[in-house]
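Report on one structure; see the data block that follows.
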Amino acid sequence: MENIWEESFKVRTFDVNINNRIKLNSLINFIQEAAANHATHLKVGRNHLIKENLFWVLSRAKIEIDRYPDLGEEITVRTWPKGIDRLFFLRDLEILDSENNIIANVTTSWLVVDSVKILPQRPSIIRDRFDDYREKEAIKEKLNKISDVENKELCFEKIVKYTDLDVNNHMNNVKYVEQVLNCFSESFYKKYDITELQINFLKQCKYGDNIEVYKKEIEKNKFHVEAFKKGEKKPVFKSRIKID
């Protein structure tokens, strides 16, 4: 079926962590690559939309991980458009190992944004260009806003540099995820795995922006991580992680 896309990837040396397994940020790179390639196949990819002064923005994502693949493993990312919720285009994904076992499930919410006005557009602007495959859900949960927490601890500050930027001249989504991961120590990752990550991308970051990243353990084995541009009160992202 055209609306289900499968793409294979090999876990390479620069994709793995100190435990010789894929890093979460590398896994999300594969996820974004498969989603982008499927959009191009459906003729709603970046090069199609840019002609109409439109571009895709990943707004919300959640990934549930049963197992992290090892160095050298072949994995398959399976993805499909799931439907529309208000302004959001929904896309789900599954990650499978070489024996066709599902090792991770993902749900994402995307916006189509006007590149001149920098405003989200109604889904109807491109809705007729592809069909949904609503019968299949990787994660049934609807992604909502992540609530605020008090008394967060400052982890670190980060200046957005050249290598953080994507083709839209903003800090790449995966770089936001890296800030979440960098809130935790080497010893933490020797002991724990992140089994679930939910992240809401709330504000664009550009070259030279100074970002302050905060975290708080909100219950046993569950953390809240968010970031702000220095001196501002509205976060650039909010996230929740679970560990095991």
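Once you know that position 138 of the sequence shown is 138 in full-length UniProt numbering, the rest is easy, because the numbers rise by one and skip nothing. Virtual Cβ for every residue (Gly too), placed ideally from N, Cα, C.
* Where does LYS23 land, buried or exposed, given buried means 16+ other C-beta within 10 angstroms? -> Numbered from 1 along the sequence shown, position 23 holds the residue referred to as residue 23. By the neighbour-count rule (16 or more Cβ atoms within 10 Å), LYS23 is buried.
* Asked: Where does TYR162 land, buried or exposed, given buried means 16+ other C-beta within 10 angstroms?
  -> Locating residue 162 in the sequence shown gives position 162, where the first residue counts as 1. Counting Cβ neighbours within 10 Å, TYR162 comes out exposed, since fewer than 16 surround it.
* If you compare alpha carbons, which of ASN37, TYR176, ALA138 and SER115 is closest to LYS203? -> Within the sequence shown, numbered from 1, the residue matching residue 203 stands at position 203. If we check each option's Cα against that of LYS203, TYR176 comes out closest.
* Secondary structure at ARG12, three-state DSSP: helix, strand or coil? -> As a first step, residue 12 must be located in the sequence shown, where it is residue number 12. Residue state, collapsed to three classes: coil.
* Asked: Which residue from ARG91, ASP70 and LEU71 puts its Cα closest to that of ARG78?
  -> What you label residue 78 is simply residue 78 of the sequence shown in a count that begins at 1. Of the listed residues, the one whose Cα sits closest to ARG78 is ARG91.
* Pick from VAL112, ALA61, ILE199 and TYR68 that is closest to LYS10, judged by C-alpha positions -> Counting from 1 along the sequence shown, the entry for residue 10 is found at position 10. The option with the nearest alpha carbon to LYS10 is TYR68.
* Beta-carbon proximity check, ASP244 vs TYR189, cutoff 8 Å -> Residue numbering aside, residue 244 sits at position 244 when the sequence shown is read from its first letter. Residue numbering aside, residue 189 sits at position 189 when the sequence shown is read from its first letter. Not closer than 8 Å, so no.
* To do: Quick one: give me the first and last residue of the beta strand (DSSP E) that GLU64 is part of.
  => Here residue 64 refers to the residue found at position 64 when the sequence shown is read from its first residue. Residues 54 to 65.
* To do: Throw me the rounded Cβ distance for the GLU157 and ILE211 pair, which I believe falls under 8 Å.
  => Looking up residue 157 in the sequence shown gives position 157. Looking up residue 211 in the sequence shown gives position 211. Indeed they touch by this definition, with Cβ atoms about 7 Å apart.
* **Nonlocal neighbours in the same chain, by C-beta distance under 8 Å from ARG122, ignoring five residues either side** => Your numbering for residue 122 matches position 122 in the sequence shown. The answer, listed in chain order, is LEU87.
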